[in-house]
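Residue numbers (my numbering): 115 to 447.
Beta carbons are placed, not taken as given, at the ideal position from N, Cα and C, and that holds for glycine.
Below: the structure, in C-alpha cells.
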C-alpha cells in the first residue's frame, strides 16, 4: 500500500476488521472478524459471520437473542484495548502532547521510547503522510509489539515511520542530521541523559516535550533543561479528566475520575549562541545545589518489568492481529 493511500475504516464489516461489541450492560469487548469463528460470553454465542457484511453501527443478536452494538473502534478505543508490552500513554495525555508539542502535518518528530505504540499512532495521524516519525526503543520485544499494534490499526507498516533499537543518546546522531528535527517527545525514566543528543538534533524554535511519572523526575528534568542553556524556561503541567452523569434532570459529576497519570514538561530550542534573558523575580528560599537535586532524585528510579511469559503472550497476540489486519487490506485490493 502506498504512503498516500487512505485506509478504509468505514463501510461494511470485512474479514480482518476489528470490531468493538457493547453488550446490554455496557461491557465492551473487541474482536477481530474471521469467517467461521464465534464470540462467547456467559450470555450466549455470537457468530462472526453474523457481523461480517453488516454496516458499522449495527446491532446484532447472539444465539439466545442478546443484542450487541457493533462498531469499529476509534483510535482512543484501540489504544486502550491493544496488546501492551509497556504501559501506554493515556489518550488524555496524548491529546495534550499533540497540542503542547504543536505536532503538525509534515513535521519530523523524534519519539523515545516507543513502548506499545499508542503515542506513535497519535503522532502518525498528526504528522500525516508528508511527515516523518523516528521512534527509538531500547527493548526489542517492546518494539515488536508496537510494530504489530500499528500494523493492526493501519492495516500496513507506515512508510514514514522507523523504529531504531538502542539508546537514544547514542543512536540519534547517526539517524538524523543535526538541526533537522521539528519536535522531540521523550517518554523514558531519565530524559535528562539524552538532552545533549536531542539539543543537537532540534531545529531552533523546535519543541522538546518530556512525559514523566513522578515529581522527582519532573524536578530533575526541569533543572537539567535549564542547565543546558539551550532552551526557554520549561513549563510543567498535568491533565485530569472528570466525567459527568447526565440523564434527564440527574446531572452530577461521576464518582470516579481519571486523575494523575504523568507530568508534561515542555521547552523550546533557542538559536545557537543565544542567551536567555534572566527572569526577574523576588529572592526565594528555594535555592539549591547539584547535591540537593541528586538527593531529591534517587539514582535508581526502578522500572516495572513484564514477565517473560506474559511478554511472549502479548507479542504473539499483537503479531496475530497485525497479520489479520494486513490480510484484510490485501483482500480488499
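query, result
"Measure the alpha-carbon distance for residue 391 versus residue 435 and round it to whole angstroms.", "52 Å"
"Around the Cβ of residue 271, are there at least 16 other Cβ atoms within 10 angstroms (buried) or fewer (exposed)?", "exposed"
"Is residue 347 near residue 356, with beta carbons less than 8 Å apart?", "no"
"If you draw a straight line from the alpha carbon of residue 329 to that of residue 182, how long is it in whole angstroms?", "43 Å"
"Can you tell me whether DSSP reads residue 153 as helix, strand or coil?", "strand"
"Under 8 Å: do the region 380-389 and the region 314-321 share three or more Cβ pairs, one atom per stretch?", "yes"
"Report the residue ranges of all alpha helix (DSSP H) runs contained in full by the region 265-310; include only those spanning at least 4 residues, in chain order.", "282-289"
"Would you decide whether residue 244 is buried or exposed? Buried here means 16 or more other CB atoms lie within 10 Å of its CB.", "exposed"
"In the DSSP assignment, what residue or residues form a beta bridge with residue 174?", "182"
"Hey, how far is the Cα of residue 159 from the Cα of residue 359?", "32 Å"
"In the structure shown, what three-state DSSP assignment does residue 349 receive?", "strand"
"Drop a sphere of 10 angstroms on the beta-carbon of residue 261, count the other beta-carbons inside from all chains shown, and report buried for 16 or more, exposed for fewer.", "buried"
"With distance defined between alpha-carbon atoms, name the residue in 288, 203 and 259 nearest to residue 372.", "203"
"Between residue 325 and residue 207, how many whole angstroms is the CB-CB distance? I'm expecting something under 8 Å.", "7 Å"
"Which residues share a DSSP beta bridge with residue 158?", "155"
"Measuring alpha carbon to alpha carbon, tell me which of 226, 233 and 189 ends up nearest residue 253.", "226"
"In this structure, what does DSSP give as the bridge partners for residue 143?", "135"
"The beta strand (DSSP E) that contains residue 246, what's its start and end?", "246-251"
"When we look at the beta-carbon of residue 354 and count the other beta-carbons within 10 Å, is it buried (16 or more) or exposed?", "exposed"
"The alpha helix (DSSP H) spanning residue 354 covers which residue range?", "Here residue 354 belongs to no alpha helix (DSSP H), and DSSP marks it neither H nor E."
"Please state whether DSSP places residue 256 in a helix, a strand or coil.", "helix"
"Just how far apart, CA to CA, sit residue 234 and residue 368?", "30 Å"
"Check the DSSP bridge columns for residue 369 and list the partner residues they point to.", "DSSP lists no partner for residue 369."
"Which value, in whole angstroms, describes the spacing of the CA atoms of residue 224 and residue 299?", "6 Å"
"Could you pull out every residue in the same chain whose Cβ sits closer than 7 Å to the Cβ of residue 306, ignoring the five residues on either side in sequence?", "334, 335 and 338"
"Name the one or two DSSP bridge partners that residue 380 has.", "323 and 349"
"Quick check on DSSP: helix, strand or coil for residue 328?", "coil"
"If you draw a straight line from the C-alpha of residue 142 to the C-alpha of residue 279, how long is it?", "35 Å"
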